[in-house]
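Student: Here's a structure for you.
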Amino acid sequence: MLSYQHIYHAGNLADVHKHALLCAMLDYMTRKEKPLTYIETHAGRGLYDLASPEAVKTGEAAQGVEVLEARLPEDHPYRRRLREERALFGPQSYPGSPLFAAGFLRDGDVMHLAELHPQEHRALAKVMEPWGAHLRAEDGFRAALALAPPTPRRGLMLIDPSFEVKADYAAIPKHMAAIARKWNVGTIALWYPLLTSGLHRPMIEELRRQFPDALCHEVRFPPAREGHGLVGSGMFIVNPPWGTEDEAARLTALFKGLSA
Ligand code: SAM
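Last residue of the sequence shown: 340 (my numbering), numbering continuous.
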């Protein structure tokens with residue numbers, strides 16, 4: 081039984097880290113004319129209302145996008161996408177990763193999205209079908225393996241699990257190895273939490289062993305509430321596009337500024 085709902089966390093510090101890197105990578109990848117495939121294994125609902133009772137209850141967006149957005153350059157691809165979607169859905173709206181991504185895609189690019197939770201999947205379909213996205217109501221890793229290698233072969237896959245199932249930490253390196261074996265040219269980006277418990281660490285050690293050339297970028301931040309175990313955000317990127325390291329360095333400085 082899935083209980084995680086991203087609406088409680090939309091626009092938080094981890095989302096800013098993940099979405100800013102995602103937008104920077106897609107901005108770069110779509111400068112080349114060659115078409116690409118964008119895949120998400122855990123897509124969420126695509127669009128969030130930061131004025132909803134769930135988002136207001138945690139106040140995480142108030143500590144995240146509402147603080148950091150203005151500290152990024154005005155023309156940053158993440159800020160550009162925020163402006164575009166707010167113009168359509170209002171100032172309190174916050175795009176999910178599929179909607180951030182959709183704005184970069186061109187005719188000829190292909191988007192596949194997996195989301196298992198029925199309620200989230202219904203909401204996702206409403207937001208993303210007008211963009212021509214192909215939706216799957218199935219396990220994201222199963223979808224990823226079935227799709228790899230996609231057509232077009234060039235592309236990016238975002239893996240953004242909720243980590244509700246603790247067995248995911250051990251299973252993810254195996255899933256990523258299997259996906260990369262089938263799709264060795266794909267950019268594969270995994271988001272993961274930095275936890276006070278250290279539960280994420282063996283997974284990252286194993287991923288570093290499997291993918292020694294990958295980019296592993298982590299930012300730290302204060303917990304959203306006292307005693308909350310999430311104290312940072314990580315992105316593990318296999319085959320990062322050119323320029324991703326520079327963007328990561330910019331985000332390191334941005335998050336360091338949080339404690340200044
Ligand atoms: N990527 C989204 C974003 O940044 O806007 C947020 C995704 S949220 C962290 C994780 C999502 O995965 C949830 O919506 C949850 O319902 C979904 N989920 C959980 N287990 C899944 C599975 N096995 N396969 C696909 N989706 C799953």
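Here a beta-carbon is modelled for each residue, glycine too, at the ideal position from N, C-alpha and C.
The model shown is predicted, which means the values in this text are computed figures rather than measured ones.
How many angstroms separate the CA atom of Pro198 from the CA atom of His86?
Tutor: 14 Å
Student: Restricting to Cα atoms, I'd like to know which of Arg305, Glu113, Lys137 and Leu275 is closest to Asp187.
Tutor: Glu113
Student: Within its chain, find whatever has a CB closer than 6 Å to the CB of His255; leave out the 5 residues flanking it on each side and keep chain order.
Tutor: Phe221
Student: Run through DSSP, which three-state label would Phe243 get?
Tutor: coil
Student: Could you check what DSSP says for Ala328 in three-state terms: helix, strand or coil?
Tutor: helix
Student: In this structure, does DSSP put Tyr84 in helix, strand or coil?
Tutor: coil
Student: Cβ of His280 within 8 Å of Cβ of Leu287?
Tutor: no
Student: Under 8 Å Cβ to Cβ from Glu164, same chain only, skipping five residues before and after it: list those, please.
Tutor: Gly183
Student: Which complete alpha helix (DSSP H) runs does the segment 166-253 hold, if anything under 4 residues is left out?
Tutor: 177-182, 198-208 and 220-227
Student: Between Leu179 and Leu185, what straight-line distance do the alpha-carbon atoms span, to the nearest angstrom?
Tutor: 10 Å
Student: What does the alpha-carbon distance come out to for the pair Gly170 and Tyr128?
Tutor: 11 Å
Student: Distance, Cα to Cα, Pro115 vs Gly126?
Tutor: 23 Å
Student: Would Ser341 be called buried (16 or more neighbouring beta carbons within 10 Å of its own) or exposed?
Tutor: Given a span of 81 to 340 for the chain in the structure shown, any question on residue 341 remains unanswerable.
Student: Please indicate yes or no: does the CB of Tyr118 lie closer than 7 Å to some heavy atom of ligand 1?
Tutor: Annotation for Tyr118 indicates a beta carbon at 7 Å or more from all heavy atoms of ligand 1.
Student: If you drop the 5 nearest sequence neighbours on each side, which residues of the same chain put their C-beta closer than 8 Å to that of Leu225?
Tutor: His255, Ala258, Ile259 and Lys262
Student: Give the range of the beta strand (DSSP E) segment to which Leu127 is assigned.
Tutor: Counting along the chain, the beta strand (DSSP E) containing Leu127 begins and ends at Leu127 to Asp129.
Student: Using the C-alpha atoms, what's the distance from Arg159 back to Glu327?
Tutor: 14 Å
Student: Is the closest heavy atom of ligand 1 to the C-beta of Glu195 under 7 Å?
Tutor: The answer is yes for Glu195.
Student: Please classify His308 as buried or exposed, where buried requires at least 16 neighbouring CB atoms within 10 angstroms.
Tutor: exposed
Student: Which of helix, strand or coil does DSSP assign to Val265?
Tutor: coil
Student: Using the Cβ count rule (16 or more neighbours within 10 Å means buried), how would you classify Lys98?
Tutor: buried
Student: Determine the burial state of Asn92: buried for a count of at least 16 other Cβ atoms within 10 Å of its Cβ, exposed for fewer.
Tutor: buried
Student: Using 10 angstroms around the beta-carbon of Val96, count the other beta-carbons present and answer buried if the total reaches 16, otherwise exposed.
Tutor: buried
Student: Which residue from Pro230, Gly212, Ile284 and His201 puts its Cα closest to that of Met219?
Tutor: Looking at the sequence shown, residue 219 is not Met but Asp. With distances taken between Cα atoms, Asp219 lies closest to His201.
Student: Is the beta carbon of Pro241 within less than 7 Å of some heavy atom of ligand 1?
Tutor: yes
Student: Who are Thr117's beta bridge partners in DSSP?
Tutor: Val190 and Gly235
Student: Give the C-beta separation of Ala205 and Leu196 to the nearest angstrom, bearing in mind that I take them to be a contact with Cβ-Cβ under 8 Å.
Tutor: Actually they are not in contact, since the Cβ atoms of Ala205 and Leu196 sit about 13 Å apart, beyond 8 Å.
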